[in-house]
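Numbering (our numbering), first residue to last: 360 to 497.
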């Protein structure tokens with residue numbers, strides 16, 4: 360487990376979100392044709408975002424604090440550029456997502472009984488309950 364302290368400010372939650380999206384991108388791969396439409400170029404975001412030459416020796420590990428010391432946005436492809444063009448809501452989404460995550464962490468418990476055997480789980484059923492409540496099936 361990572362020993363980084365939990366983020367506490369809005370800015371820290373924003374960079375913690377960037378780090379989470381770096382390690383667990385929404386899209387794992389992007390394929391684009393070249394200008395002449397003769398060749399497809401593929402980018403594997405998962406492998407790219409774990410490059411030690413770009414993100415340090417601990418590139419495989421979650422460490423939101425790495426963003427406090429350098430601007431990594433120039434090196435990452437974290438959100439909203441799947442396909443041939445950028446998502447028009449990319450910037451507003453990156454403003455909203457950290458706030459949503461912060462509220463989620465403060466107000467809800469999220470649990471699952473699914474045990475993943477892969478490094479990047481494909482999702483699955485999770486139960487979300489208010490922190491002061493419980494569900495007998497979780």
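By construction, the Cβ of each residue, glycine as well, lies at the ideal position given by its N, Cα and C atoms. Fair warning: this is a prediction, and the values are worked out from it, not measured in the lab.
For residue i, three-class secondary structure by DSSP
i: residue 422; result: coil
i: residue 435; result: coil
i: residue 364; result: coil
i: residue 457; result: helix
i: residue 497; result: Note that residue 497 has pLDDT 49, beneath the 50 cutoff, so the model's placement of it is unreliable and the number below is only indicative. Three-state DSSP puts residue 497 in coil, outside helix and strand.
Residues that DSSP places opposite residue i in a beta bridge
i: residue 389; result: 402
i: residue 447; result: In DSSP, residue 447 forms no bridge with anything.
Limits of the alpha helix (DSSP H) - the one that residue i falls within
i: residue 469; result: Taken as a continuous stretch (DSSP letters only), residue 469 belongs to no alpha helix (DSSP H), being part of the beta strand (DSSP E) at 467-470.
i: residue 376; result: 369-382
i: residue 412; result: 411-414
Cut-off 7 Å between Cβ atoms - residues of its own chain near residue i, not counting five sequence neighbours on either side
i: residue 382; result: 408, 421
i: residue 467; result: 487, 488, 489, 490
Any C-beta of chain D under 9 Å from that of residue i
i: residue 431; result: Of the chains in the structure shown, none is chain D; there is only one protein chain.
Residues near residue i in its chain [Cβ-Cβ closer than 6 Å; skip 5 each side]
i: residue 498; result: Residue 498 is absent from the structure shown; the chain starts at 360 and stops at 497.
i: residue 424; result: 363
Own chain, CB closer than 8 Å to residue i, minus 5 neighbours either side, in chain order
i: residue 418; result: 408, 409, 410, 411
(request) Report yes or no: do three or more beta-carbon pairs, one from the stretch 449-465 and one from the stretch 395-408, lie closer than 8 Å? (result) No, the stretch 449-465 is not in contact with the stretch 395-408.
(request) Check whether the stretch 384-399 touches the stretch 361-370, taking contact to mean three or more Cβ pairs, one atom from each stretch, closer than 8 Å. (result) No, because fewer than three Cβ pairs between the stretch 384-399 and the stretch 361-370 fall closer than 8 Å, the two stretches do not touch.
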